[in-house]
Structure formats: C-alpha cells, structure tokens
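The numbering used here numbers the first residue of the sequence shown as 7 and each following residue consecutively.
Accompanying notes for the structure given below.
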Amino acid sequence: KRSQAAATPPPPPVAPQPTADDLSLNTPTSDPRIPYAPSETPTPASSGSGSARTAGGRRTTVARAAADLQAELSELAARHPDATIEITWKVVE
C-alpha cells in the first residue's frame with residue numbers, strides 16, 4: 007500500500023480592504039452639520055479676530071467645531087471599535 011499525504015486545504019479567502027468607493031454617502035454622518043446657535047455669532051468687536059470659522063455654511067468657533075468632531079468620533083468609536091478611519095483636514099480661509 008502507498009501512503010498518501012493528507013491534502014492540505016487552501017487558506018480561506020481574505021476579504022479585500024474597503025476603499026473610498028465602499029463608503030456610503032447616505033448615512034446621517036455623511037454630511038454632518040455643526041449646530042448653529044446665535045450666541046456663536048461673533049460680535050462686531052470680535053469680528054476679524056480669527057476665532058470664528060465657517061462650517062457647513064454657518065459660523066462657529068474652532069473650539070466648538072473641535073468639540074463636535076470629538077463627540078462624533080467618540081460615537082463612531084463606540085459603534086465600530088475596530089474600524090479604521092481616514093480623516094482629511096483642509097483649512098479654508
């Protein structure tokens with residue numbers, strides 16, 4: 007009798023890494039809006055100070071925009087703890 011080596015099963019297929027085209031643009035956070043509150047509008051004395059920024063067509067402070075972004079990222083991390091994300095930031099004057 008000839009001995010036969012046990013057949014080694016092929017490795018399981020590896021799922022491809024998601025690309026930008028795999029990202030849904032129809033979710034509530036696909037186009038996040040920064041809430042507007044009248045108290046965030048700069049007063050005439052503070053206009054031109056550089057502390058307010060336009061976001062989503064409304065004015066807000068850098069601190070408020072950063073806090074909103076942190077809250078959104080924390081929520082994303084809670085929902086998808088192992089997700090890999092890429093953030094692109096661009097300053098517009």
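For each residue, glycine too, the CB sits at the ideal point set by N, CA and C.
Inter-residue spacing [alpha-carbon to alpha-carbon] between Thr66 and Ala72
10 Å
### Query
Out of curiosity, what's the CA-to-CA distance linking Ile91 and Pro24?
11 Å
Margin query: Just to confirm before moving on: does the CB-CB distance between Ala89 and Leu79 stay below 8 Å?
Written below: no
### Query
Whose C-beta lies closer than 8 Å to the C-beta of Asp28 among residues of the same chain, with five residues either side of it excluded?
none
(request) Following the continuous alpha helix (DSSP H) through Asp74, name the residue where it begins and the one where it ends. (result) 68-85
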